[in-house]
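Novice:
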Amino acid sequence: MALNSKIPSGPIEDKWTNYKNKIDLVNPANKRNIDVIVVGTGLAGGSAAATLAELGYNVKAFCFQDSPRRAHSIAAQGGINAAKNYQGDGDSVYRLFYDTVKGGDYRSREANVYRLAEVSSNIIDQCVAQGVPFARDYGGLLDNRSFGGVLVSRTFYAKGQTGQQLLLGAYSAMNRQIGRGKIKMYNRHEMLDVVIVDGKARGIITRNLVNGKIERHSAHAVVLGTGGYGNVFFLSTNAMGSNVTAAWKAHKRGAYFANPCYTQIHPTCIPVSGEHQSKLTLMSESLRNDGRIWVPKKKEDVEAIRNGSLKPTDLAEDDRDYYLERRYPAFGNLVPRDVASRAAKERCDAGFGVNATGEAVYLDFADAIIRYGKEQAHVKGLDEDNPTLIKKLGKEVVKAKYGNLFQMYEKIVDQNPYETPMMIYPAVHYTMGGVWVDYDLMTTVPGLYCIGEANFSDHGANRLGASALMQGLADGYFVLPYTIGNYLSNDIRTGPISTDTPEFEAAEKGVRETIDKLINNKGTHSVDYYHKKLGKIMWNKVGMSRNAKGLKEAISEIKALRVEFWEGVKIPGTANEYNEELAKAGRVADFLELGELFAKDALDRNESCGGHYREESVEESGDQKGEAKRDDENFKFVSAWEYKGEPSDAVLHKEHLIFENIELKQRSYK
Amino acid sequence: MNLTLKIWRQKSADHKGQLVDYIIEEVSPDMSFLEMLDVLNDQLISKDEEPIAFDHDCREGICGMCSLYINGEAHGPDRGITTCQLHMRKFKDGDTIYIEPFRAKAFPIIKDLIVDRSAFERIQHAGGFISVNTSGNTQDANAIPISKDAADEAMDAATCIGCGACVASCKNSSAMLFVGAKVSQYALLPQGQIEATDRVLNMVKQMDEEGFGNCTNTGACEVECPKGISLENIARMNSEYLKASLKG
């Protein structure tokens, strides 16, 4: 099947308006006869479910948590971008569009990104109307902060809990519709297959996680808002339950999977402390505004720090390597996420990591404390030469800015970051790749839509800070409700979809067989044993830095691990009760397939772009020597993979990217 | 360190439960409490025993999924954190730790340490929202100025994660802190005024129907709340309720 992205014609700034003017609508009486299934209740799924129900469709919403409010969007800290230009600093829809395409290293689709920028300001209006308590200034108007990779202040925030407040807004909109009976909510349910009838998505098979019951649910369209697949690495900043299963089942039913290798590895996370580690914790990007990143210059100092005979605070200034400031004098500690992560890895690989495992660098606030302290002493007319006073005043400023993050760090690491530098290391955070969708957000399966992090469309090869929340809500509140109507207008005479058909029968049978196979396996190892092994392969060979040899090894190792898993996994208990091991086993089985496709995609893309870094594709001379080298001539396309059985059999389809409004340039941060 | 764990085991809502003893050895002080349970579960699985069921998801203190009553305290001995943020360095070698589910009539046990908190959901369905449709044509966000103090106070109320520690800590199993936080968030904002009367009446009615007890101002909820939700929110809800009752 040839890919058709269905981008409307006309100038980019008119495409969405023209599209909305021309689509077919469903009249209110007919909407009452149409059912829509929404899987996942984060920012994308939650906002979509609420809006579709407001419009009059009968919505069935599903989440695996015990409440829609617990979806992992809740954990987003920093903020949400919108081209409001409230600060009068020159922001515009075009600039947000431009920054997002450039930040994504020119691997996203122009028309989708422009639409995202265009609806961004509606999101803020909508959220305020819902009662989302964004931060305000003393005049009562909304406040903004700045984020990496841009020159304007366009990020709206609610303390360090923006994701939480936006999700609670979408959740409240859902609650209103649940109360009205327009959304039927299924908590603690997991989707285990999509049902295709006559070539269209017409339902799903779910498992009730409380009692193990397998259920059939039908609808005229199915929407997946099921998040990213960062947990293929086992350790990531994702929630423990975040998984690829819904997206992967869709892929196996015909939805192409796009750019699986595009992963965001966030530079400032708390390092791994031991084998028991179950997940990683992010420290907000905002810390790099004031923290300086360094490792010792000399190996003997590294050794002394590791064995505890030297404190980092005692190391002389001349013996410290502020490697980001050294390598990137123009941007310093504020280089984009992908660049900062790779630089940390480079130093640690060279043996300069500062903790026992050798995988940590310092993020140091000592200079910021002195700088702020002196400023405060000056403002208050106090002694600017009294070091104790300066330190005290400086700490107060740092506490006001980052107090909650410092406290979180102290609880986890048991060190006081006001007195000794933080230790940080990059961790998997977000996946830009996902299910391929067209301009309508429809997958290659008619009637099957994919929104939010689960799709691939807006962030190219690297996502900018504060743009994930924007995309989730844009898709759910403002894009999908239009585009899905255009499709459903053909379904007004269809009537209820029966679940009593051979297609539902067959899908349910397949789900039951997989569950039976898992639960009856007389293996020896727990699910986590395999998941951790997969994570190690992914991190070591498909992580921050990739090469053909390692990727080929990863492919064969994952393949072998998959065989081992199906022979050796052991799941206690039964299938018809609450059984977390069984649920986890199903998810890891899918990660074991996705992981291979991920590595295959990374091998195929022999260029470096955004979060995907191939050691074979670096600048070899000039002032960019050693930096990532993008290859627009050969790789200016989206890789969309078609399922054909084993991941190794997947067939590549290319969506060539056309840039009509933005000139392609090499990113430089020197 | 080596620990003795006394953990509540209960097959399902219909079965009787009991505390079961487990010994766990070589626990690292850097482990989180839930990672310690992960290790225990791995050991149980390898011995062909059923692992302990407990709720958890984000493991960074924000989703509100984790619960646990540890040594008689919701979310354990530390303050201002959820169970997933509790670390083993808070305990010492040789300790005995009691681990139980959040107990309340309105939170029936599903299995072991997992409880059903859907009563909270139904309270939110009854009025935890502002009735505004998604249109993209609502007025500009800055057309509603809100004083910084009111916005900050609304934010403080809105940080509730809906974990249920307040209910578990209350001798009456009252949900007033949870409901008070939501009522307060909207009561403090101009957008919430239009439906203020119906909201508080409907949410309180649902709260009572779910079988939560009343508030007797003990304040245990505020002490155990991982997000520091203040008792003022209960006072504000009571005043909103009184106002609404007079209006009818």
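Which chain is which? The protein sequence lines are A and B, in order. My numbering applies: residue 724 is where the first sequence begins, and numbers increase by one. My numbering applies: residue 78 is where the second sequence begins, and numbers increase by one. We treat Cβ as the ideally placed atom computed from N, Cα and C, and that holds for glycine.
(1) Between the beta-carbon of Arg930 of chain A and the beta-carbon of Glu913 of chain A, is there less than 8 Å?
(2) At the level of alpha carbons, what is the spacing between Pro1149 of chain A and Trp971 of chain A?
(3) Let's see if you can read the secondary structure: which residues bound the beta strand (DSSP E) around Leu1375 of chain A?
(4) Between Gln884 of chain A and chain B, is the shortest Cβ-Cβ distance under 8 Å, so that the two count as touching?
(5) Given Glu1304 of chain A, which residues of its chain have a CB within under 8 Å of its CB, disregarding the five upstream and five downstream residues?
(6) Is it buried or exposed, Val1374 of chain A, if we count other Cβ atoms within 10 angstroms and call 16 or more buried?
(7) For Ile306 of chain B and Asn1056 of chain A, I'd like the C-alpha separation in whole angstroms.
(8) For my contact list, Ala1271 of chain A and Glu1339 of chain A are in at a C-beta cut-off of 8 Å; report their separation, rounded to the angstrom.
(9) Closest by CA to Pro1225 of chain A, which one among A:Asp866, A:Arg925 and A:Ser728?
(10) For Asp866 of chain A, which residues of its own chain have a beta-carbon under 7 Å away from its beta-carbon, when the five flanking residues on both sides are left out?
(11) In this structure, does DSSP put Phe20 of chain B in helix, strand or coil?
(12) In angstroms with no decimal places, state the Cα-to-Cα distance between Lys169 of chain B and Leu891 of chain A.
(13) Within 7 Å: the Cβ of Gly948 of chain A and any heavy atom of the ligand NAD?
(14) If you draw a straight line from the alpha carbon of His943 of chain A to that of Leu1164 of chain A, how long is it in whole angstroms?
(15) Using three-state DSSP, classify Leu1387 of chain A as helix, strand or coil.
(16) Ala834 of chain A and Tyr985 of chain A look like a contact to me (Cβ under 8 Å); what is the Cβ gap, rounded to whole Å?
(17) CA-CA distance, Asp1087 of chain A and Lys745 of chain A?
(18) Could you tell me if Asp285 of chain B is buried or exposed, where buried requires 16 or more neighbouring beta carbons within 10 angstroms of its beta carbon?
(19) Check Thr878 of chain A in the structure and name its three-state DSSP category.
(20) Specify, as a first and last residue, the run of the alpha helix (DSSP H) that Val851 of chain A falls within.
(21) Can you tell me which of B:Ala130, B:Gly290 and B:Val209 puts its alpha carbon nearest to the alpha carbon of Leu932 of chain A?
(22) Would Lys248 of chain B be called buried (16 or more neighbouring beta carbons within 10 Å of its own) or exposed?
(23) Here's a check: name, in chain order, each residue in its chain whose Cβ is nearer than 6 Å to the Cβ of Gln162 of chain B, leaving out the five neighbours to either side.
(24) Along chain A, which residues have their Cβ under 7 Å away from the Cβ of Ile271 of chain B?
(25) Sorted by chain position, which residues of the same chain lie with C-beta nearer than 6 Å to Ile1238 of chain A's C-beta, five sequence neighbours on each side aside?
(26) Quick check on this structure: which residue in A:Gly1157, A:Gly1031 and A:Tyr1046 has the alpha carbon closest to the alpha carbon of Ile1016 of chain A?
(27) Can you check whether the CB of Ser965 of chain A is closer than 8 Å to the CB of Gly953 of chain A?
(28) Below 8 Å on the Cβ atoms is my contact criterion, and I expect Ala784 of chain A with Ala772 of chain A to pass it. Report the Cβ-Cβ distance as a whole number of Å.
(29) DSSP puts Ala776 of chain A in a beta bridge; with which residues?
(30) What residue ranges within the stretch 1103-1141 of chain A form continuous alpha helix (DSSP H) runs of no fewer than 4 residues, ordered along the chain?
(31) State the DSSP-derived secondary structure class of Lys182 of chain B, mapped to helix, strand or coil.
(32) Residues of chain B with a CB under 9 Å from the CB of Pro1295 of chain A: which are they?
(33) List the residues that DSSP assigns as beta-bridge partners of Gly290 of chain B.
(34) Please tell me whether Gly889 of chain A and Leu1196 of chain A are closer than 8 Å, where the distance is taken between their beta carbons.
(35) Taking Cβ-Cβ distances shorter than 8 Å, what residues in chain A pair up with Ile158 of chain B?
(36) Which residues in chain B have a C-beta closer than 9 Å to the C-beta of Tyr1200 of chain A? List them in chain order.
Specialist: Let's see:
(1) yes
(2) 26 Å
(3) Val1374 to His1379
(4) yes
(5) Ser1249, Val1250, Ile1294, Pro1295 and Gly1296
(6) exposed
(7) 36 Å
(8) 7 Å
(9) A:Arg925
(10) Ala858, Arg859 and Asp860
(11) As shown, chain B starts at 78 and ends at 325. That puts residue 20 of chain B outside it, with no answer to give.
(12) 38 Å
(13) Summarising the ligand content, the structure contains no ligands, and the ligand NAD is consequently not present.
(14) 16 Å
(15) coil
(16) About 19 Å; that fails the 8 Å criterion.
(17) 55 Å
(18) exposed
(19) strand
(20) Glu833 to Gln853
(21) B:Ala130
(22) exposed
(23) Gly138
(24) Simply none; closest approach about 11 Å.
(25) Ala1298
(26) A:Tyr1046
(27) yes
(28) 4 Å
(29) DSSP, once it has assigned bridges, lists no residue as partnering Ala776 of chain A.
(30) 1110-1136
(31) coil
(32) Leu121, Ile122, Asp125, Glu126, Glu127 and Pro128
(33) B:Ser251
(34) Per the sequence shown, the amino acid found at residue 889 of chain A is Leu instead of Gly. Yes.
(35) Lys1134
(36) Thr211 and Gly213
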